[in-house]
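**Q** Let me give you the structure first, and then I'll get to my questions.
Numbering (UniProt numbering), first residue to last: 1 to 488.
In structure tokens:
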């Protein structure tokens with residue numbers, strides 16, 4: 001099934017929890033399907049291919065678009081394990097995940113990649129076709145400009161069609177029209193073909209300018225921090241073609257079914273966005289012959305942090321039960337073990353070991369404890385600076401008045417309720433301490449609260465109040481006591 005998804009992802013393969021006030025509205029949805037030739041031999045039927053949706057969403061100006069590939073069958077999704085979304089803008093493709101509930105968009109700039117690299121152009125081939133009764137012209141991106149067969153995939157485009165998704169994919173090529181098919185150069189048994197279109201109204205919280213700025217900033221940072229060793233990249237690229245554990249067997253590429261899979265199939269919809277990011281990021285790592293902008297350790301670190309955060313946030317938002325939380329924690333712990341111990345480009349002795357064991361030899365001592373998902377304590381609260389007090393409670397209430405139900409009454413307009421202390425430093429720290437308590441109540445209800453930051457800020461203010469206590473006037477001491485006693 002991986003090969004099927006690879007064909008759909010050919011629209012992205014011609015190169016080697018951000019919320020905002022801006023949004024992109026997609027007004028047209030183009031649907032594609034897998035079409036098989038009558039004499040083809042394939043392990044999957046056309047009906048099985050139909051379990052995957054291949055959609056391309058366009059904005060009204062054809063400047064930005066969204067590629068979305070996902071299973072439409074729950075059982076298939078549980079085995080295929082992937083929903084892939086790519087935001088297309090300004091010659092960049094950005095892997096992202098979209099929450100089905102809130103439509104919130106998550107992305108990481110290091111997963112982004114260019115559609116056309118420097119010096120590449122979309123080339124017209126000496127070949128025409130007919131797809132679904134419509135004539136079209138073939139185009140491709142050539143590896144060798146002098147060899148019109150040096151391509152992996154080609155497109156057949158109806159250049160006279162008013163629907164224009166070619167321009168959104170290739171904005172600098174002056175190419176316009178409807179992409180009718182995407183085909184392998186060396187595989188003629190099946191292809192991705194245009195099926196239908198419909199008008200839609202899909203609005204997502206995407207700030208394309210911010211995404212572009214994030215990508216640019218990241219690209220600059222990796223040049224400074226991870227200079228490319230051309231010789232090492234060349235060696236790694238050669239090794240990748242040998243009998244080595246390839247990217248496809250890397251546990252960061254996808255999860256493997258070896259007894260550690262999730263029993264609750266509904267949980268797969270939560271974990272697949274992480275794999276969507278790591279899968280694409282791996283292709284940019286120099287371990288797998290990428291351009292050296294990433295190394296695998298960075299991707300592994302992202303996976304570990306995101307998986308831990310995902311479980312915490314799902315539970316805080318009450319989107320999963322306690323049993324589901326335990327199952328996810330167990331799953332991610334097992335996957336992190338595999339990721340930590342997997343060695344890219346490691347020769348596999350198929351006669352000596354089972355393939356699954358080749359990448360899953362675990363260092364049990366390193367992951368023996370049951371508290372891998374706990375965050376190690378670091379004493380940093382004394383370094384906190386309490387000046388400008390910004391509370392999650394105040395920010396959340398601005399967006400939704402119902403938030404008030406999840407915290408004590410005193411939290412509402414708290415600043416106006418702080419007593420008129422003679423000691424202004426006392427006023428600041430009492431405001432901060434009691435305000436951070438409000439934020440903690442929201443944290444357990446899914447609020448946008450930094451848990452450890454909140455605790456550290458509370459401890460800092462508590463420490464400062466105690467340091468002031470012996471110098472406080474009797475009036476301030478009385479006001480403080482009465483205020484604390486009546487909080488609710």
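Where a beta carbon is used, it is the ideal one built from N, C-alpha and C, also for glycine.
Since the structure is predicted, the reported quantities are computational estimates derived from the model, not experimental observations.
#1: First and last residue of the alpha helix (DSSP H) that includes residue 273?
#2: Among residues of its own chain, excluding the 5 on either side of residue 464, which ones have a beta-carbon nearer than 6 Å to its beta-carbon?
#3: Between 432, 109, 425, which has its C-alpha nearest residue 278's C-alpha?
#4: Do three or more CB pairs link the region 209-216 to the region 181-199 at distances below 8 Å?
#5: Just the Cα atoms here: how many angstroms apart are residue 306 and residue 136?
#6: Out of curiosity, what's the CA-to-CA distance linking residue 276 and residue 343?
#7: Below 8 Å on the Cβ atoms is my contact criterion, and I expect residue 122 with residue 138 to pass it. Report the Cβ-Cβ distance as a whole number of Å.
#8: Which full runs of the beta strand (DSSP E) of 3+ residues lie inside the region 400-485, going along the chain?
#9: Judging by CA-CA distance, which residue of 145, 149, 156 is the nearest neighbour of residue 130?
#10: For residue 172, collect the residues of the same chain with a Cβ closer than 8 Å to its Cβ; drop the 5 residues on either side in sequence, then sort them by chain order.
#11: For residue 364, which residues of its own chain have a beta-carbon under 6 Å away from its beta-carbon, when the five flanking residues on both sides are left out?
#12: If you scan the region 108-132 from start to end, which runs of the beta strand (DSSP E) of 3 or more residues do you find wholly inside it?
#13: Give me the Cα-Cα distance between residue 470 and residue 301, rounded to the nearest whole angstrom.
#14: From this set, 111, 105, 150, 106, which residue's C-alpha is nearest residue 124's C-alpha?
#15: Whole angstroms is fine: what's the gap from residue 170's alpha carbon to residue 55's?
#16: Using the Cβ count rule (16 or more neighbours within 10 Å means buried), how would you classify residue 319?
#17: Which whole-angstrom value describes the C-beta separation of residue 461 and residue 433, a residue pair presumed to lie in contact below a C-beta threshold of 8 Å?
#18: Would the region 413-426 and the region 448-458 be scored as touching if the rule is three or more Cβ pairs under 8 Å?
#19: Quick check on this structure: which residue in 482, 280, 408, 436 has the alpha carbon closest to the alpha carbon of residue 390?
#20: Could you give the residue range of the alpha helix (DSSP H) that holds residue 303?
#21: Looking at the structure shown, is residue 138 part of a helix, part of a strand, or coil, going by DSSP?
#22: Closest to residue 475 by C-alpha separation, out of 486, 441, 466, 421, would be which residue?
#23: With distances taken between CB atoms, is the gap from residue 274 to residue 303 smaller than 8 Å?
#24: Can you tell me whether residue 321 is buried or exposed, with buried defined as 16 or more other CB within 10 angstroms of its CB?
#25: Going by the beta-carbon positions, is the gap between residue 28 and residue 200 smaller than 8 Å?
#26: Have a look at 38, 60, 51 and flag the residue whose alpha-carbon is nearest the alpha-carbon of residue 26.
#27: Hey, out of 384, 176, 444, whose CA is closest to residue 392's CA?
#28: Quick test of your reading: residue 94 and residue 107, contact by CB under 8 Å. State the CB separation rounded to the nearest angstrom.
#29: Please report how far the alpha carbon of residue 128 lies from the alpha carbon of residue 120, in whole angstroms.
#30: Who are the near neighbours of residue 397 in its chain, counting only those whose CB is closer than 8 Å to its CB and skipping five residues on each side?
#31: Quick check on this structure: which residue in 68, 50, 424 has the alpha carbon closest to the alpha carbon of residue 202?
#32: Out of 70, 441, 375, 479, point me to the one whose CA is closest to residue 426's CA.
#33: In terms of alpha-carbon separation, which member of 154, 164, 268 lies closest to residue 143?
#34: Quick check: what's the CA-CA separation for residue 486 versus residue 325?
#35: Less than 6 Å between C-beta atoms, sequence neighbours within five positions excluded: which residues of the same chain meet that for residue 179?
#36: Can you grab the Cα-Cα spacing for the pair residue 36 / residue 133, in whole Å?
**A** Straight from the coordinates:
#1: That run of the alpha helix (DSSP H) goes 268-282.
#2: Taking C-beta separations shorter than 6 Å and ignoring five residues to either side along the sequence, the partners of residue 464 in its chain run 429, following chain order.
#3: Cα-wise, what sits closest to residue 278 is 109.
#4: In short, these stretches do not touch, since the Cβ pair count stays below three.
#5: Cα to Cα, the separation comes out at about 44 Å.
#6: If you take the alpha carbons of residue 276 and residue 343, they lie about 21 Å apart.
#7: Going by Cβ atoms, the distance from residue 122 to residue 138 rounds to 11 Å, so no, they are not a contact pair.
#8: Listed in chain order, nothing qualifies, since the region 400-485 has no complete beta strand (DSSP E) run of 3 or more residues.
#9: For residue 130, the nearest C-alpha among the options comes from 156.
#10: Taken in chain order, the residues that qualify are 91, 116.
#11: Note that residue 364 scores a pLDDT of 42, beneath 50, so its modelled location is shaky; the value from the coordinates is reported in the next line. The beta carbon of residue 364 sits closer than 6 Å to no other beta carbon from its chain once the five residues preceding and following it are set aside.
#12: Listed in chain order, the complete beta strand (DSSP E) runs (minimum 3 residues) inside the region 108-132 are 122-131.
#13: A direct Cα-Cα distance of roughly 47 Å separates residue 470 from residue 301.
#14: Nearest of 111, 105, 150, 106 to residue 124, Cα basis: 150.
#15: When rounded, the separation of the alpha-carbon atoms in residue 170 and residue 55 is 17 Å.
#16: That one is exposed.
#17: Between residue 433 and residue 461 the Cβ distance is about 4 Å, and since that is below 8 Å, they are a contact.
#18: Contact between the region 413-426 and the region 448-458 is absent, because fewer than three Cβ pairs lie under 8 Å.
#19: The shortest Cα separation from residue 390 among 482, 280, 408, 436 belongs to 436.
#20: For residue 303, the enclosing alpha helix (DSSP H) has its first and last residue at 296-316.
#21: If DSSP states are grouped into helix, strand and coil, residue 138 belongs with the strands.
#22: Per the Cα distances, 421.
#23: Yes, Cβ-Cβ distance for residue 274 and residue 303 is below 8 Å.
#24: Its Cβ having fewer than 16 others within 10 Å, residue 321 is exposed.
#25: In this structure, residue 200 lies closer than 8 Å to residue 28 by Cβ.
#26: By alpha-carbon distance to residue 26, the top candidate from 38, 60, 51 is 60.
#27: The shortest Cα separation from residue 392 among 384, 176, 444 belongs to 444.
#28: That belief holds up - the Cβ atoms of residue 94 and residue 107 are roughly 5 Å apart, short of 8 Å.
#29: Between residue 128 and residue 120, the C-alpha separation is close to 22 Å.
#30: Within the same chain, residue 397 has close Cβ partners 403, 404, 412.
#31: Measuring C-alpha to C-alpha distances from residue 202 to each of 68, 50, 424 identifies 68 as the nearest.
#32: Closest in alpha carbon position to residue 426, among 70, 441, 375, 479, is 479.
#33: Out of 154, 164, 268, 154 has the C-alpha closest to the C-alpha of residue 143.
#34: Going from the Cα of residue 486 to the Cα of residue 325 covers about 37 Å.
#35: The residues are 155, 157, 165, 166.
#36: Rounded to the nearest whole angstrom, the CA to CA distance from residue 36 to residue 133 is 16 Å.
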